[in-house]
Amino acid sequence: MNDKLIVVEGYVATEKDKTNLRKDPWSFALDQRAFGPRRLVVAFANRRGRFLSLAHSRRTVPFEAALAACIEHSGQGARAAVAFCDERVKEGPPPPELAARFASARSIAGSYGIHLVDWIACDDQLFRSTRFALEPDSTWWDVP
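Reading the sequence shown from the start, the letters are residues 134 to 277 in my numbering.
Written out as structure tokens, the structure is:
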């Protein structure tokens, strides 16, 4: 997918951290730009949503190519993840390639035993949940 070096930085939650990714993913979307422009930020959690760790790297082409590097750096042992990618978001219906991109990203995460709950695209003005765009009537947190 990507034959260039992907530099990843990460953080690990402490026992005192009570963040629940299942209940509050939007705060991550709002804070995504704190890591800089054109970044992929991946938050990892246990099955119930307890935040475990976070990884971030430069956005790659394709965007989901950095996902494996983020998982290898900070996602080991997690059961769930939500990706936040600084990318252009347009109002209106989702782009036609969105379903294929999400399937690819889910496959990458799944190869590590992690369920990718959502891929949230974020820019200066808007953010879009891929899950809600593709499956508006589904239960968002669908970790088996």
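By construction, the Cβ of each residue, glycine as well, lies at the ideal position given by its N, Cα and C atoms.
Roughly how many whole angstroms lie between the Cα atoms of Met134 and Arg192? Here residue 134 corresponds to residue number 1 of the sequence shown, with the count starting at 1. Here residue 192 corresponds to residue number 59 of the sequence shown, with the count starting at 1. Note that Met134 scores 49 on pLDDT, short of 50, meaning its location in the model is unreliable and no value can be drawn from it.
Strand pairing of Ala216, partner residues [DSSP]: As a first step, residue 216 must be located in the sequence shown, where it is residue number 83. Note: Ala216 sits in a beta bridge opposite Val175, Trp252.
What residue from Thr152, Leu163, Leu138 has the CA that sits closest to Ile253's CA? As a working mapping, residue 253 is identified with position 120 in the sequence shown. When each option's Cα is compared against that of Ile253, the closest is Leu163.
Is the stretch 211-219 touching the stretch 165-179, taking contact as three or more C-beta pairs under 8 Å? Taking 8 Å as the limit for Cβ pairs, the verdict is that the stretch 165-179 does touch the stretch 211-219.
Per DSSP, which one or two residues make a beta bridge with Ala188? Along the sequence shown, one-based indexing puts residue 188 at 55. Paired residues: Gly143, Val175.
Rounded to whole angstroms, what is the Cα-Cα separation between Phe161 and Gly225? Counting from one through the sequence shown, the residue named residue 161 turns up at place 28. Counting from one through the sequence shown, the residue named residue 225 turns up at place 92. In a straight line, the C-alpha of Phe161 is about 23 Å away from that of Gly225.
Could you tell me which residues DSSP pairs with Gly262 in its beta bridges? For the purposes of this step, residue 262 is taken as the residue at position 129 of the sequence shown. At residue 262 the sequence reads Ser, which differs from the Gly that was named. Answer is Ile253.
Is DSSP giving Met134 helix, strand or coil here? Start at 1 with the first residue of the sequence shown, and residue 134 comes out as number 1. With a pLDDT of 49 at Met134, under the threshold of 50, the modelled position of that residue is not reliable, and the figure given next carries that caveat. In the structure shown, Met134 falls within a coil segment according to DSSP collapsed to helix, strand and coil.
Proximity to Pro170 [Cα-Cα], best of Ile241, Cys218, Ser237: The sequence position of residue 170 within the sequence shown is 37, counting from 1. Selected option, being the one with the closest Cα: Cys218.
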